Amino acid sequence: MSAKAFHLICIFLVLFVSTTQVLAWTDDMSSCLTEVFMPSHDKFLTDRTIAGSAFFSDTTVLCSADVCGKECKDAVHSCIDDFNLTSATFGTSSSSAFETSCVDDLSSTSASVDTSSTSAFGGHRIEFTFNPSLIFHTNKFLRGDNPEYRVMNRAITYKLKYAFVSLPQEKTFVHPECYQGIGVAHHHFNAQLGNPFSVFLFQGVRIAKFSSSLTLNYEWNLGLAMGWNPYNAVTNSSNRIIGSKVTAYIDAEFYLSWIVSRNIDLNMGVSLSHFSNGNTQIPNAGLNVGGANIGLAYYIDRKQPRAFSHATQPFSAYLTYDLLLFGSWRSKGFYTEDGPMSLPGTYAVCGFNFAPMYNFSPMFRAGLSLDGAYDQSANIRTEHERLSVWRQMALGLSARAEFVMPYFTIAAGVGTNVINSKGDMSGIYQVLALKIDLFHDTFLHIGYTLHNLKTPNYLMLGLGYRFGNRKP
Numbered sequence: 031m032s033a034k035a036f037h038l039i040c041i042f043l044v045l046f047v048s049t050t051q052v053l054a055w056t057d058d059m060s061s062c063l064t065e066v067f068m069p070s071h072d073k074f075l076t077d078r079t080i081a082g083s084a085f086f087s088d089t090t091v092l093c094s095a096d097v098c099g100k101e102c103k104d105a106v107h108s109c110i111d112d113f114n115l116t117s118a119t120f121g122t123s124s125s126s127a128f129e130t131s132c133v134d135d136l137s138s139t140s141a142s143v144d145t146s147s148t149s150a151f152g153g154h155r156i157e158f159t160f161n162p163s164l165i166f167h168t169n170k171f172l173r174g175d176n177p178e179y180r181v182m183n184r185a186i187t188y189k190l191k192y193a194f195v196s197l198p199q200e201k202t203f204v205h206p207e208c209y210q211g212i213g214v215a216h217h218h219f220n221a222q223l224g225n226p227f228s229v230f231l232f233q234g235v236r237i238a239k240f241s242s243s244l245t246l247n248y249e250w251n252l253g254l255a256m257g258w259n260p261y262n263a264v265t266n267s268s269n270r271i272i273g274s275k276v277t278a279y280i281d282a283e284f285y286l287s288w289i290v291s292r293n294i295d296l297n298m299g300v301s302l303s304h305f306s307n308g309n310t311q312i313p314n315a316g317l318n319v320g321g322a323n324i325g326l327a328y329y330i331d332r333k334q335p336r337a338f339s340h341a342t343q344p345f346s347a348y349l350t351y352d353l354l355l356f357g358s359w360r361s362k363g364f365y366t367e368d369g370p371m372s373l374p375g376t377y378a379v380c381g382f383n384f385a386p387m388y389n390f391s392p393m394f395r396a397g398l399s400l401d402g403a404y405d406q407s408a409n410i411r412t413e414h415e416r417l418s419v420w421r422q423m424a425l426g427l428s429a430r431a432e433f434v435m436p437y438f439t440i441a442a443g444v445g446t447n448v449i450n451s452k453g454d455m456s457g458i459y460q461v462l463a464l465k466i467d468l469f470h471d472t473f474l475h476i477g478y479t480l481h482n483l484k485t486p487n488y489l490m491l492g493l494g495y496r497f498g499n500r501k502p
């Protein structure tokens, strides 16, 4: 079977399953239409649930049931029991708090408050996506300077991902419908680049809600891609893009999610991917691709939202202090009058960051960082050249900003060295990192630095501790 035929079959399956789910869900709606409204702080809600697919806004209190008749009544009673309401009145008047075609004899009830509910939106999901993409021509090798004179334009990626959506209640208030998990992918390029597989972590969250069934979301992926056809001085000398069999895989996606049924979402958007080995091996020009993102997500046990409101304690801004120790290795490359040069072997890198960070909200913090680094390759130009440790150390200051998510934090910074800012240590540096929560105050740091916005620098693999942390 040709690759083009396989791609067409994948598209047909996604559209066919989506269509059948819409028809099935529409039939369910006609047999059991359920609308639930409950009061919160003397206000009536405007959100509704239809046929058991319940979706909530940031200011609502919602309760629903996905059944008819007696089962519907029992489900509604159990939902009320989970809730901190003192007098919820159910009736059929214009001011009633509950209207349904399934329940006809609920009159009134009182429920005690239960603040121990654990999740606002729960479930496990499996998603299949494919990404038809264009390769960005950042190097002459991609533009046709290769043994086949091939202009490398197209790529496609197939992904299979598992995610869990259940989060602690206090985190879900800030990040509604957040999910995270692990995935695998196959990236189809060509014989000269290779067709690698990748394993990655990912996390996504809703950005905006347009209706009860349509949302705008974003997602990031971070992992390792294995199985490239890398640079080889004898067999693949023109490949100056990928210099190692294993690279990092970084991907960002923005997509619209349409809730087709209780169990199925159809996702469509755009994605941007980057492959690089973090300068651990030369050459390392990196590969960038961008294109469409089309996916079908199946929820194994999508649960209804539990009833809750935003009557939480107000957030008070506070300071935290992050101390990070990191280390890695790198290759050394530079440009001369005769063209690019690379030195054999690898060189050690280590350092620290100390960053007082002001927590403006539960999801954003920013501050300044004191950055110390030792780069064994700094300022050398020959294989056997040795410099004093002082000439390969620097101390810098950088501005930092962090987007705080459950379990993960995305960090970015830009700075310059203020002590020993000479040669390779001059100019400005940029940092992009992912912090992974290990314990309440300890985090794993996976980061990368650039020099002057374009030159790959080195990886930052480390362990950090956060002083003064109030995050749950």
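Our numbering numbers the first residue of the sequence shown as 31 and each following residue consecutively. Even glycine gets a Cβ: it sits at the ideal position worked out from N, Cα and C. This one's a predicted model, so the numbers in the text were calculated from it and none came from an experiment.
Beta strand (DSSP E) runs wholly inside the stretch 265 to 332, at least 3 long, in chain order: 276 to 289, 294 to 306 and 317 to 329
Best match in Thr-446, His-216 and Lys-452 for proximity to Leu-483 [C-alpha to C-alpha]: Thr-446
Per-residue burial, Ile-237 [other beta carbons within 10 Å of its own, 16 or more giving buried]: exposed
Helix, strand or coil at Arg-421 [DSSP, three-state]: helix
Beta-bridge pairing of Lys-465 - partner residues as DSSP gives them: Thr-439 and His-475
Pair within 7 Å by beta-carbon distance, Phe-232 and Gly-213: yes
Gly-308 burial status per 10 Å Cβ neighbour count (16 or more: buried): buried
Asp-352 - DSSP class collapsed to helix/strand/coil: strand
Ser-243 and Thr-277 closer than 7 Å at C-beta: no
Residue from Leu-491, Thr-159 and His-470 whose Cα sits closest to the Cα of Asn-323: Thr-159
Contact the stretch 424 to 441 vs the stretch 456 to 468: 3+ CB pairs below 8 Å: yes
Other residues of its chain near Asn-487: CB distance less than 6 Å, five sequence neighbours each side excluded: Thr-479, Leu-480 and His-481
Beta-carbon contacts of Gly-397 that lie in its chain and below 7 Å, excluding the five residues immediately before and after: Ala-385, Pro-386, Met-387, Tyr-388 and Arg-430
Own chain residues within Cβ distance below 6 Å of Val-379, not counting five before or after: Ser-358, Arg-360, Asp-405 and Tyr-488
Test item: CB-CB of Gly-457 and Phe-473 under 7 Å: no
Rounded straight-line distance, which links the Cα of Met-393 to that of Asn-282: Note that residue 282 is Ala in the sequence shown here, rather than Asn. Roughly 19 Å separates the two Cα atoms.
Beta-carbon contacts of Ile-312 that lie in its chain and below 6 Å, excluding the five residues immediately before and after: Gly-273, Ser-361, Gly-363 and Ser-372
For Tyr-459: DSSP bridge partner residues: Gly-445 and His-481
Backbone secondary structure at Asp-401 - three-state DSSP: strand
Beta-bridge partners of Arg-360, as assigned by DSSP: Tyr-377
Straight-line Cα distance separating Leu-296 from Tyr-285: 10 Å
For Met-423 and Asn-450, believed in contact at Cβ under 8 Å, the rounded distance: 6 Å
Alpha-carbon to alpha-carbon, Tyr-348 and Arg-496: 13 Å
Residues bridged to Lys-170 [DSSP beta-bridge criterion]: According to DSSP, Lys-170 bridges with nothing at all.
When Phe-469, Ser-428, His-475 and Phe-433 are compared against Tyr-459, the one with the closest alpha-carbon: Ser-428
Exposure of Gly-426, with buried meaning 16 or more beta-carbon neighbours within 10 Å: buried
Rounded C-alpha distance that separates Gly-321 from Glu-178: 25 Å
Burial state of Glu-157 (16 or more Cβ within 10 Å): buried
Buried or exposed (CB count within 10 angstroms, at least 16 for buried), Thr-350: buried
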